[in-house]
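Below is one structure; the comments refer to it alone.
Number of protein chains: 2
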Amino acid sequence: MERNQRVEDYMRVIYRLREQGMVRGAYIARELGVTKPTVSVALREMEAAGYLTIKPDRAIELTEKGEQIARYVIERNDVIFGLLTDIGVDKETAQADAGQIAHGISEKTLDALIDLRHYLTFIRKTPFGNIKE
Amino acid sequence: MERNQRVEDYMRVIYRLREQGMVRGAYIARELGVTKPTVSVALREMEAAGYLTIKPDRAIELTEKGEQIARYVIERNDVIFGLLTDIGVDKETAQADAGQIAHGISEKTLDALIDLRHYLTFIRKTPFGNIKE
DNA sequence: CGCAAAAGTTAGCTTGGGCTAACTAAATTT
DNA sequence: AAATTTAGTTAGCCCAAGCTAACTTTTGCG
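Keeping their order, the protein sequence lines are chains A and G. Residue numbering for the first sequence follows numbering that gives the first Met the number 0, beginning at 0 and increasing consecutively. Residue numbering for the second sequence follows numbering that gives the first Met the number 0, beginning at 0 and increasing consecutively.
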């Protein structure tokens with residue numbers, strides 16, 4: 000299994016779910032809006048591919064590889080989310096759209112967006128730059 | 000056939016290809032990087048769904064419905080493309096990423112990005128805003 | 001004109017990622 | 001402890017969207 004959008008989604012969701020305790024397939028299913036069988040199969044494949052491990056008590060844990068992907072995805076997501084909220088998009092919309100945008104854009108564009116965000120922050124803090132308000 | 004990403008891609012490509020004369024399935028295939036049979040089937044479905052018509056001489060023409068989608072998609076695309084190039088992304092990368100971004104983001108976010116672009120243009124033209132260079 | 005190249009189609013296969021139904025296993029409530 | 005709810009699995013199906021192979025039709029050159 001190559002590292003596609005699906006893998007990234009699972010890694011991200013699992014990473015986030017950990018903060019609420021043990022990660023279970025059913026929670027992932029709810030979070031992703033798919034059914035349990037779908038998750039069951041996907042988890043088996045991802046375990047085989049080395050992204051996670053399924054413990055005897057069915058708890059899901061990320062491998063180092065999975066962990067890295069999760070952090071990568073979340074970082075990208077956060078950058079986009081931050082930019083969108085900075086420019087006035089409400090949080091819910093920003094969250095939904097950040098996922099869409101973050102996936103599949105190049106490093107170059109991501110870097111440019113990061114710079115842009117810094118620039119906007121700077122501009123806003125600068126008296127003469129404080130034009131919009 | 001509902002209006003999915005695939006439909007939007009076809010409408011956009013056909014709209015653009017028109018500028019170089021008659022639109023043929025083979026050109027669409029080249030443009031989208033898929034094979035002729037794929038296009039052949041897709042066009043038949045899209046004709047049935049009312050997005051385009053296939054003339055007796057095999058020329059492809061958009062219906063009003065298809066035309067609207069094409070313009071909508073292209074407009075969104077251009078906004079994103081413009082923003083990305085404004086912030087220093089090279090044209091090729093911007094083109095590729097604009098497609099990714101434009102698809103699937105909300106009107107709210109798109110509007111915010113349009114505003115942002117205007118803002119950046121304004122800032123750049125304004126002496127005190129001319130900080131970055 | 002005749003024929004090669006380009007365009008288009010059909011049939012049949014593949015892959016990814018879903019789904020439901022039907023089941024077992026575990027956990028929680030009563 | 002028994003019953004109910006929740007979690008997980010397996011089997012079998014579906015669908016979109018691609019592909020190749022093999023074919024027909026059209027176009028346009030020499």
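Just so it is clear, CB atoms sit at the ideal spot from N, CA and C, and this is done for glycine as well.
Note the first and the last residue of the continuous alpha helix (DSSP H) segment covering residue i.
| i | result |
| --- | --- |
| G/I122 | 106-124 |
| G/G46 | What sits at residue 46 of chain G in the sequence shown is Glu, not Gly. It spans 35-47 - the alpha helix (DSSP H) in which G/E46 sits, taken as one unbroken run. |
| A/Q4 | 4-16 |
| A/R23 | It is not in any alpha helix (DSSP H) - A/R23 carries neither H nor E in the DSSP assignment. |
Roughly how many angstroms separate the alpha carbons of residue i and residue j, rounded to a whole number?
| i | j | result |
| --- | --- | --- |
| A/V38 | G/H102 | 26 Å |
| G/L109 | A/A95 | 13 Å |
| G/I130 | A/D85 | Low per-residue confidence applies at G/I130: pLDDT is 47, beneath 50, and the placement is therefore not dependable enough to give any value. |
| A/T62 | A/L51 | 5 Å |
| A/G128 | G/H117 | Confidence in A/G128 is poor, its pLDDT being 48 and thus under 50, which makes the residue's placement unreliable; the coordinate value appears in the next sentence. So the alpha carbons of these two residues sit roughly 15 Å apart. |
| G/L16 | G/V33 | 16 Å |
| A/M21 | G/N3 | 37 Å |
| A/N76 | G/A47 | 39 Å |
| A/E44 | A/A25 | 16 Å |
| A/I104 | G/A97 | 8 Å |
| G/I122 | A/I122 | 9 Å |
| G/R23 | G/R29 | 10 Å |
| A/T120 | A/E18 | 30 Å |
Locate the beta strand (DSSP E) running through residue i, then write down its first and last residues.
| i | result |
| --- | --- |
| G/I53 | 51-53 |
| A/I86 | It is not in any beta strand (DSSP E) - A/I86 carries neither H nor E in the DSSP assignment. |
| G/E60 | 59-61 |
Considering only the alpha carbon of each residue, which of the options lies closest to residue i?
| i | options | result |
| --- | --- | --- |
| G/V88 | A/A111, A/G24, A/D8 | A/A111 |
| G/T133 | A/E91, A/Q4, A/K107, A/L115 | Residue 133 of chain G cannot be examined here, being either before or after the span of chain G that is shown, 0 to 132. |
| A/I113 | A/G20, A/G49, A/E74 | A/E74 |
| A/L115 | A/I79, A/A97, A/G20 | A/I79 |
| A/I27 | A/R43, A/Y9, A/E44 | A/Y9 |
| A/V72 | A/E46, A/Q99, A/K90 | A/Q99 |
| G/P70 | G/R5, G/V12, G/N3, G/M0 | Checking the sequence shown, residue 70 of chain G turns out to be Arg, not Pro. Per the Cα distances, G/V12. |
| A/E1 | A/S105, A/G49, A/I122 | A/G49 |
| A/E7 | A/Q19, A/E18, A/A41 | A/A41 |
| A/R5 | A/L31, A/Y14, A/E18 | A/L31 |
Exercise. Is there contact here, the region 50-61 of chain G with the region 60-68 of chain A, by at least three beta-carbon pairs under 8 Å?
Worked result: no
Exercise. Using 8 Å as the threshold, is the region 31-51 of chain A in touch with the region 74-89 of chain A, meaning 3 or more CB pairs across them?
Worked result: no
Exercise. Which residues, in order along the region 92-111 of chain A, keep a beta-carbon less than 8 Å from a beta-carbon of chain G?
Worked result: From the region 92-111 of chain A, only T92, A93, A95, D96, Q99, I100, H102, G103, I104, S105, K107, T108, A111 have a Cβ closer than 8 Å to chain G.
Exercise. Using a beta-carbon distance cut-off of less than 7 Å, what residues from the region 15-47 of chain G approach chain A?
Worked result: Of all residues in the region 15-47 of chain G, none is placed with a Cβ closer than 7 Å to any Cβ belonging to chain A.
Problem set entry | Residues in the region 61-95 of chain G having any Cβ partner in chain A nearer than 8 Å | L83, I86, G87, V88, D89, T92, A93, A95
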